[in-house]
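Structural data, given as structure tokens:
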């Protein structure tokens with residue numbers, strides 16, 4: 001069984017008050033304001049049948065949930081997993097995919113659609129990523145945009161493509177901290193970028209499993225730690241070579 005993920009930015013969410021009045025990157029909603037935070041990302045999917053049941057109850061519609069914006073933590077006394085982000089507790093059900101998408105667009109939400117696809121409908125490149133558990137360019141672009149590194153999207157895409165051609169093993173290294181990748185003198189800048197983005201994808205999947213009640217490795221996601229390492233990497237790279245990345249690409 002194979003799924004495809006499609007990320008969309010409806011671009012109709014409410015604008016922050018600190019943005020200039022002539023900033024037209026996002027439009028005001030026609031009526032009222034969105035009830036959700038501006039950085040909220042919705043995930044739309046069709047619930048699958050539980051392996052413990054034989055019927056098809058609660059699998060006929062589509063569900064809209066929200067991705068976690070803050071890393072969960074483990075309560076030290078009882079060992080419960082908790083979070084200060086309450087948005088992942090929201091789950092909305094819709095009869096059709098179109099109705100869920102229309103709702104997300106009315107609210108100005110950035111949303112990801114996860115749907116079942118036949119092999120013929122999946123482009124070869126996307127199918128390669130799904131089979132090798134590597135991050136897609138859409139995930140890479142969204143991560144860099146959230147970190148304020150939009151100008152490096154092309155550089156990271158090239159680094160990921162080169163890592164795929166080398167058949168580098170995706171995931172993390174045992175006993176390694178994300179910042180250790182930044183400080184490793186044996187890795188090139190491109191290798192560090194691909195390694196950290198692959199690591200971010202792995203932690204993102206762990207985060208999603210935790211949100212769905214199936215935590216992996218009995219630990220919270222380290223996605224925020226990986227993203228901080230990516231910011232440190234680009235700060236160091238900028239100090240070593242002040243030439244903008246866009247100029248390097250043009251050269």
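Numbering (full-length UniProt numbering), first residue to last: 1 to 251.
Glycine residues also receive a C-beta, built at the ideal position from the N, C-alpha and C atoms.
Model, not experiment: these values are computed from the prediction.
Residue i classed as buried or exposed, judged by whether at least 16 other C-beta atoms fall within 10 angstroms
{"i": "residue 79", "result": "exposed"}
{"i": "residue 178", "result": "buried"}
{"i": "residue 73", "result": "exposed"}
{"i": "residue 90", "result": "exposed"}
{"i": "residue 107", "result": "buried"}
{"i": "residue 155", "result": "buried"}
{"i": "residue 93", "result": "exposed"}
{"i": "residue 75", "result": "exposed"}
{"i": "residue 207", "result": "buried"}
{"i": "residue 38", "result": "exposed"}
{"i": "residue 84", "result": "exposed"}
{"i": "residue 88", "result": "buried"}
{"i": "residue 67", "result": "buried"}
{"i": "residue 223", "result": "buried"}
{"i": "residue 35", "result": "exposed"}
{"i": "residue 77", "result": "exposed"}
{"i": "residue 166", "result": "exposed"}
Nearest candidate by alpha-carbon position, reference residue i, set the options
{"i": "residue 71", "options": "94, 221, 155 and 111", "result": "221"}
{"i": "residue 196", "options": "187, 206, 204 and 230", "result": "230"}
{"i": "residue 43", "options": "159, 82, 96 and 100", "result": "100"}
{"i": "residue 138", "options": "198, 187, 186 and 180", "result": "198"}
{"i": "residue 227", "options": "239, 202 and 240", "result": "202"}
{"i": "residue 310", "options": "46, 69 and 77", "result": "As shown, the chain starts at 1 and ends at 251. That puts residue 310 outside it, with no answer to give."}
{"i": "residue 149", "options": "232, 82, 65 and 240", "result": "232"}
{"i": "residue 205", "options": "176, 180 and 136", "result": "136"}
{"i": "residue 146", "options": "187, 69 and 82", "result": "69"}
{"i": "residue 161", "options": "191, 82 and 235", "result": "191"}
{"i": "residue 225", "options": "180, 235 and 185", "result": "180"}
Close Cβ partners of residue i (< 6 Å) along its chain, the five nearest in sequence each way excluded
{"i": "residue 163", "result": "194"}
{"i": "residue 104", "result": "42 and 111"}
{"i": "residue 140", "result": "156 and 197"}
{"i": "residue 182", "result": "229, 232 and 233"}
{"i": "residue 65", "result": "43 and 91"}
Strand pairing of residue i, partner residues [DSSP]
{"i": "residue 74", "result": "81"}
{"i": "residue 93", "result": "63"}
Own chain partners of residue i with C-beta closer than 7 Å, once the 5 adjacent residues on each side are dropped
{"i": "residue 189", "result": "237"}
{"i": "residue 95", "result": "61"}
{"i": "residue 144", "result": "150, 152, 153 and 156"}
{"i": "residue 239", "result": "none"}
{"i": "residue 86", "result": "none"}
Helix, strand or coil at residue i according to DSSP, with G and I counted as helix
{"i": "residue 150", "result": "helix"}
{"i": "residue 222", "result": "coil"}
{"i": "residue 188", "result": "coil"}
{"i": "residue 39", "result": "coil"}
{"i": "residue 135", "result": "coil"}
{"i": "residue 210", "result": "helix"}
{"i": "residue 176", "result": "coil"}
{"i": "residue 107", "result": "coil"}
{"i": "residue 143", "result": "helix"}
Neighbourhood of residue i by C-beta distance below 8 Å, restricted to the same chain and skipping five residues each side
{"i": "residue 97", "result": "44, 46, 62, 113 and 115"}
{"i": "residue 158", "result": "190"}
{"i": "residue 235", "result": "none"}
Within-9 Å CB hit, residue i to chain D
{"i": "residue 39", "result": "Going by chain labels, chain D is absent from the structure shown, which holds only one protein chain."}
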